[in-house]
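K.L.:
Residue numbers (numbering that gives the first Met the number 0), protein chains in the order written: chain A, 0 to 210; chain B, 0 to 210. For each residue, glycine too, the CB sits at the ideal point set by N, CA and C.
Number of protein chains: 2
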Amino acid sequence: MLEKDLREAYHFIFEEELLQEILKFGTLKEVKAGETIIEISDYVKNMPLLLEGAIKILREDKDGDELVLYFLERGDTCAMTLSCCLGQTKSEIRAVAEKDTRLVMIPIEKMEEWTSRFKSWRNFVFESYHSRLTEMLDTIDTIAFLNMDERLMRYLQDKAKINQDEQLQITHQEIAYDLHTSRVVISRLLKKLENEGKIRLQRNSILVHDL
Amino acid sequence: MLEKDLREAYHFIFEEELLQEILKFGTLKEVKAGETIIEISDYVKNMPLLLEGAIKILREDKDGDELVLYFLERGDTCAMTLSCCLGQTKSEIRAVAEKDTRLVMIPIEKMEEWTSRFKSWRNFVFESYHSRLTEMLDTIDTIAFLNMDERLMRYLQDKAKINQDEQLQITHQEIAYDLHTSRVVISRLLKKLENEGKIRLQRNSILVHDL
DNA sequence: CCGGATCTGTAACAAAGGTCACATTTTAAA
DNA sequence: TTTAAAATGTGACCTTTGTTACAGATCCGG
Numbered sequence: 000m001l002e003k004d005l006r007e008a009y010h011f012i013f014e015e016e017l018l019q020e021i022l023k024f025g026t027l028k029e030v031k032a033g034e035t036i037i038e039i040s041d042y043v044k045n046m047p048l049l050l051e052g053a054i055k056i057l058r059e060d061k062d063g064d065e066l067v068l069y070f071l072e073r074g075d076t077c078a079m080t081l082s083c084c085l086g087q088t089k090s091e092i093r094a095v096a097e098k099d100t101r102l103v104m105i106p107i108e109k110m111e112e113w114t115s116r117f118k119s120w121r122n123f124v125f126e127s128y129h130s131r132l133t134e135m136l137d138t139i140d141t142i143a144f145l146n147m148d149e150r151l152m153r154y155l156q157d158k159a160k161i162n163q164d165e166q167l168q169i170t171h172q173e174i175a176y177d178l179h180t181s182r183v184v185i186s187r188l189l190k191k192l193e194n195e196g197k198i199r200l201q202r203n204s205i206l207v208h209d210l
Numbered sequence: 000m001l002e003k004d005l006r007e008a009y010h011f012i013f014e015e016e017l018l019q020e021i022l023k024f025g026t027l028k029e030v031k032a033g034e035t036i037i038e039i040s041d042y043v044k045n046m047p048l049l050l051e052g053a054i055k056i057l058r059e060d061k062d063g064d065e066l067v068l069y070f071l072e073r074g075d076t077c078a079m080t081l082s083c084c085l086g087q088t089k090s091e092i093r094a095v096a097e098k099d100t101r102l103v104m105i106p107i108e109k110m111e112e113w114t115s116r117f118k119s120w121r122n123f124v125f126e127s128y129h130s131r132l133t134e135m136l137d138t139i140d141t142i143a144f145l146n147m148d149e150r151l152m153r154y155l156q157d158k159a160k161i162n163q164d165e166q167l168q169i170t171h172q173e174i175a176y177d178l179h180t181s182r183v184v185i186s187r188l189l190k191k192l193e194n195e196g197k198i199r200l201q202r203n204s205i206l207v208h209d210l
């Protein structure tokens, strides 16, 4: 099962020998939607590769206020964690399963080894850093240059895409946490979007049809 | 001159053989304060290593509005650029000399080679990615969780530190551009800081003494 | 089917930040 | 020295976002 998933998600980018190594040293981990995979200030001993599902990456400030940074999908890895692994530092972020998710956990000892041994691994690591930096820039653009209504639209779009479902099962309060604002503000803006015909509101769920 | 600077800034982290390679293939570049080193959507053919001075990294939105992301100092490199080099993509950011600055420019062909050949180079690259991700998180915290008055204080502190001078030569308008706000807002907040005895305002300059 | 818990809608108000207008000060160039 | 340009100070006002309060809707367990 692990092998099948691994090949599906990674055979394009990893050479056969590396896939074998991953199978040998990696362990499968399954998490249910909503479970926390990595907590802030955890020491990270394993590097997760995403096989199936999706993960939400969050930042928290000193008062415990949250902000969603981005989502990860199949084939992604968390470069923040990567960074922490290599530097042996605590996690700066929280990772929460957005859907039921399957991961391979790679022990960090192997990572150093593979970095010298496999070119495809090095490329993967660099590629991951690159995409994460790009996503971070995108996040910065969003919070620095956009108003809350636009941020909300993007959030709903992302969410629909990640879950491959236009019907989002979520409350206003949860959105407010993710965007670091208040429930009242979100309810207000959602109502505006509904009046503009872009979404349809129901209790515990939002139908996104025309954003 | 290049050799002396290079050794001063990098001999702790690079092995002798790599230093020799850098001397052989790198070229010295000198830029005056205020000059642009990398422009958004430039193709980057050389990787800069900072020998002396400081660089300001900026993001721009579609309307041309700016936002300073962070500053780089001696021994730093721009991981954003690194990322662009390795991925052969356009620059997502602008780099402007904050002071008179000296750089070694490394042709990107060498980078791939050194990555397999020198462990110290690999570590440097990973280390750079790590610190840049950390700075990006810091930037996100700042814009997401802080009000403009706190952001302004941090900006002034950073600026004073980078320039090693509590007397900043800068106008309110310039600060406004860097923080992506308006001149009036900055004047207002600076005046408040002055009234609180934290800074002293003069034309074209701000004395930061107690932030 | 009742009652508490949760979720949503909305009004009223406060605070932060953005905009406009204009006066005053300072500087530098002619 | 005069004058235009640049920089700063400030009042008035608007928009966006945050806060508080409360009412009504919906759900779920007993």
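By the three-class DSSP mapping on this structure, what secondary structure does MET0(B) have?
P.N.:
Coil at MET0(B), not helix or strand.
K.L.:
Output yes if chain A places a C-beta closer than 8 angstroms to the C-beta of ARG121(B); else output no.
P.N.:
yes
K.L.:
Given a threshold of 16 other Cβ atoms within 10 Å of its Cβ, counted over all protein chains shown, does GLU108(B) qualify as buried or as exposed?
P.N.:
exposed
K.L.:
Can you tell me which of LEU192(B), GLU173(B), ILE36(B) and ASP60(B) puts its alpha carbon nearest to the alpha carbon of THR211(B)?
P.N.:
No statement about residue 211(B) is possible, as the shown extent of chain B runs from 0 to 210 and does not include it.
K.L.:
Mind listing the chain B neighbours of ALA32(A)? Cutoff is C-beta to C-beta under 7 angstroms, in chain order.
P.N.:
Within chain B, no residue comes near ALA32(A); the closest Cβ sits about 25 angstroms away, beyond 7 angstroms.
K.L.:
Please list the terminal residues of the continuous beta strand (DSSP E) segment that includes TYR69(B).
P.N.:
65–71
K.L.:
Which of helix, strand or coil does DSSP assign to SER181(A)?
P.N.:
coil
K.L.:
Quick check on DSSP: helix, strand or coil for VAL30(B)?
P.N.:
strand
K.L.:
Checking contacts by CB at 8 angstroms: is MET79(B) closer than that to chain A?
P.N.:
yes
K.L.:
Nearest chain B C-beta to ALA175(A) closer than 8 angstroms, yes or no?
P.N.:
Taking Cβ atoms only, chain B never reaches closer than 8 angstroms to ALA175(A), which makes this a no.
K.L.:
Is DSSP giving GLU51(B) helix, strand or coil here?
P.N.:
strand
K.L.:
With a 10 Å radius around its C-beta and 16 neighbouring C-beta atoms as the bar for buried, classify ARG131(A) as buried or exposed.
P.N.:
buried
K.L.:
Please name the residue or residues paired with LEU102(B) in a DSSP beta bridge.
P.N.:
Note: LEU102(B) sits in a beta bridge opposite LYS28(B) and LEU49(B).
K.L.:
How many angstroms separate the CA atom of SER186(A) from the CA atom of GLU165(A)?
P.N.:
For SER186(A) and GLU165(A), the distance between alpha carbons rounds to 19 angstroms.
K.L.:
Step through the CB atoms of chain B and report whether any lies within less than 8 angstroms of the CB of SER82(A).
P.N.:
yes
K.L.:
Between ASN91(B) and THR133(A), which are expected to be in contact by the criterion C-beta below 8 angstroms, what is the C-beta distance as a whole number of angstroms?
P.N.:
The residue asked about is misnamed: residue 91(B) is Glu in this sequence, not Asn. Between THR133(A) and GLU91(B) the Cβ distance is about 7 angstroms, and since that is below 8 angstroms, they are a contact.
K.L.:
Could you tell me which residues DSSP puts in a beta bridge with GLU59(A)?
P.N.:
GLU65(A)
K.L.:
Within a Cβ cutoff of 8 angstroms, which residues of the same chain sit near GLY33(A), ignoring the five residues on either side of it in sequence?
P.N.:
VAL95 and ALA96
K.L.:
Taking 8 angstroms as the threshold, find out whether the stretch 169–182 of chain B comes into contact with the stretch 60–76 of chain B through three or more Cβ pairs.
P.N.:
yes
K.L.:
CB LEU22(A) to CB LEU1(A), shorter than 8 angstroms?
P.N.:
yes
K.L.:
One question on the structure: do ILE139(B) and ARG58(A) come within less than 8 angstroms of each other, judged by their Cβ atoms?
P.N.:
yes
K.L.:
Mind pulling the chain A residues with CB within less than 8 angstroms of ILE139(B)?
P.N.:
ARG58, LEU66, LEU68, MET135, THR138, ILE139 and ILE142
K.L.:
So, at 8 angstroms on beta carbons, what are the nonlocal neighbours of ASN162(A) in its own chain, with the 5 sequence-adjacent residues on each side left out?
P.N.:
ALA53, GLU97 and LYS98
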